[in-house]
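Working notes, beginning with the structure itself.
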Amino acid sequence: MTLSIAQRPTIVDRFIPKSIAIDIALIAAGVVLMAASAQWVIPMYPVPMTGQTFAVLFIAMALGFERGSISVLAYVALGAAGLPVFNAGTSGFWSPTLGYKIGFIAAAALVGFLAQREWDKSILKVAGAFAIGSAVIYVFGATWLAIFIGLAGGDNSLMAVLNAGVLPFLIGDAAKAVAAAALLPAAWAGVKALKK
13 MTLSIAQRPT IVDRFIPKSI AIDIALIAAG VVLMAASAQW VIPMYPVPMT GQTFAVLFIA
73 MALGFERGSI SVLAYVALGA AGLPVFNAGT SGFWSPTLGY KIGFIAAAAL VGFLAQREWD
133 KSILKVAGAF AIGSAVIYVF GATWLAIFIG LAGGDNSLMA VLNAGVLPFL IGDAAKAVAA
193 AALLPAAWAG VKALKK
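Per my numbering, the sequence shown runs over residues 13 to 208.
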């Protein structure tokens with residue numbers, strides 16, 4: 013019997029039985045984690061540094077395609093609707109970071125899909141999934157940032173946008189990928205040890 017992507021287990025499924033109530037609780041927990049990670053802010057202009065990228069990718073790896081995507085989408089929708097869940101307790105839709113938020117949703121879907129293709133079990137694949145997910149976030153984020161800066165009459169050349177919205181974040185994102193690459197395969201090894 014072949015399982016669809018939506019049925020393939022993630023690391024969370026090995027610890028917690030699957031049900032609608034559990035799925036709702038996990039999605040809500042993802043929203044809370046996203047909101048909390050947004051409050052870890054290093055002020056930068058025009059895009060602050062936060063813990064959101066790690067949270068998005070970790071939620072997607074842990075929850076998989078459907079639950080991870082819904083969790084991140086719900087987080088973005090709540091902030092867009094006015095709840096103060098974005099960085100430093102802000103909300104709203106129109107900002108220099110809009111593209112990153114849209115990128116969070118796309119990255120969660122892609123990384124969740126990869127997790128359910130067993131990319132969450134090896135160090136190289138986890139690091140690769142985090143790198144791919146980060147790249148997706150940067151593409152959406154930098155594209156919107158260029159538009160936003162241009163509409164404000166600023167320098168939206170490729171180099172200016174990269175300097176404002178990509179390059180300052182690369183070292184931190186690499187560290188996050190290394191941390192995740194160590195954590196997730198170790199957790200799967202723990203699951204196998206418990207089963208024995």
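Beta carbons are placed, not taken as given, at the ideal position from N, Cα and C, and that holds for glycine.
Keep in mind the model is a prediction, meaning the values are calculated, not measured.
- [ ] Note down, one range per segment and in chain order, each alpha helix (DSSP H) of at least 4 residues found wholly within the stretch 103 to 178.
- [x] If only complete runs of 4 or more residues are kept, the stretch 103 to 178 shows the alpha helix (DSSP H) at 110 to 126, 135 to 163 and 170 to 177, in order along the chain.
Task: Nearest neighbour of Q128, chosen from I71, V53 and M46 [CA to CA] - done: Start at 1 with the first residue of the sequence shown, and residue 128 comes out as number 116. If we check each option's Cα against that of Q128, I71 comes out closest.
TODO: With a 10 Å radius around its C-beta and 16 neighbouring C-beta atoms as the bar for buried, classify Y112 as buried or exposed.
DONE: Walking along the sequence shown from the start, residue 112 turns up at place 100. Per the 10 Å Cβ criterion, buried.
Open item on the list: Count Cβ pairs between the stretch 77 to 92 and the stretch 31 to 40 that sit closer than 8 angstroms; are there 3 or more?
Closed with: The stretch 31 to 40 and the stretch 77 to 92 touch, with three or more beta-carbon pairs separated by less than 8 angstroms.
Open item on the list: For T14, count the other beta carbons within 10 Å of its own beta carbon; 16 or more makes it buried, fewer makes it exposed. Which is it?
Closed with: Here the question's residue 14 lines up with position 2 in the sequence shown. For T14, the predicted structure reports a pLDDT of 48, less than 50, and the residue's modelled location is therefore unreliable. The matter cannot be settled from this model.
Open item on the list: Quick check: G104 and Q51, are their CB atoms within less than 9 angstroms of each other?
Closed with: Numbered from its first residue, the sequence shown carries residue 104 at position 92. Numbered from its first residue, the sequence shown carries residue 51 at position 39. Q51 sits away from G104, with the two beta carbons spaced by 9 angstroms or more.
Open item on the list: Here's the rule I'm using: 16 or more other beta-carbon atoms within 10 Å means buried, otherwise exposed. How should D132 be labelled?
Closed with: As a working mapping, residue 132 is identified with position 120 in the sequence shown. For D132, the number of other beta carbons within 10 angstroms of its own is at least 16, and it is reported as buried.
Open item on the list: If I measure Cβ to Cβ from A176 and keep anything under 7 angstroms in the same chain, skipping five residues before and after, which residues do I get?
Closed with: Taking the sequence shown and counting its residues from 1, the one referred to as residue 176 is at position 164. If the five residues before and after A176 are omitted, its C-beta is found closer than 7 angstroms to the C-beta atoms of P58, V59 and L157, all from its own chain and listed in chain order.
Task: M56, buried or exposed, once every other Cβ within 10 Å from all chains shown has been counted against 16 - done: Sequence index remark: in the sequence shown, residue 56 carries index 44 (1-based). Note on M56: under 16 other CB atoms within 10 angstroms of its CB, so exposed under the neighbour-count rule.
Open item on the list: Please state whether the Cβ-Cβ distance between A193 and I135 is less than 9 angstroms.
Closed with: In the sequence shown, the residue the question calls residue 193 occupies position 181. In the sequence shown, the residue the question calls residue 135 occupies position 123. Annotated as proximal: A193 and I135, with beta-carbon spacing under 9 angstroms.
Open item on the list: Checking 9 angstroms against the spacing of the C-beta atoms, do A154 and L174 come in under that value?
Closed with: Walking along the sequence shown from the start, residue 154 turns up at place 142. Walking along the sequence shown from the start, residue 174 turns up at place 162. A contact, by the Cβ cut-off of 9 angstroms.
Open item on the list: Less than 9 angstroms between the C-beta atoms of G145 and V68, yes or no?
Closed with: As a first step, residue 145 is located in the sequence shown; it is residue number 133 there, counting from the start. As a first step, residue 68 is located in the sequence shown; it is residue number 56 there, counting from the start. Judged by beta-carbon spacing, V68 lies within the 9 angstroms limit of G145, meaning their Cβ atoms are closer than that value.
- [ ] Determine the closest residue to G76 out of A119, P96, A48 and Q64, with distance taken between C-alpha atoms.
- [x] As a working mapping, residue 76 is identified with position 64 in the sequence shown. Nearest C-alpha to G76 among A119, P96, A48 and Q64: A119.
Open item on the list: Distance check for F66 and A139, CA to CA, integer angstroms please.
Closed with: Your numbering for residue 139 matches position 127 in the sequence shown. Your numbering for residue 66 matches position 54 in the sequence shown. Within the model, the alpha-carbon separation for A139 versus F66 is close to 12 angstroms.
Task: Test item: CB-CB of Y87 and F125 under 9 angstroms - done: To locate residue 87, count along the sequence shown from 1; it is residue 75. To locate residue 125, count along the sequence shown from 1; it is residue 113. No. Outside cutoff.
Task: For N87, the first and last residue of its enclosing alpha helix (DSSP H) - done: Taking the sequence shown and counting its residues from 1, the one referred to as residue 87 is at position 75. The question names Asn, but residue 87 in the sequence shown is Tyr. That run of the alpha helix (DSSP H) goes Q64 to A92.
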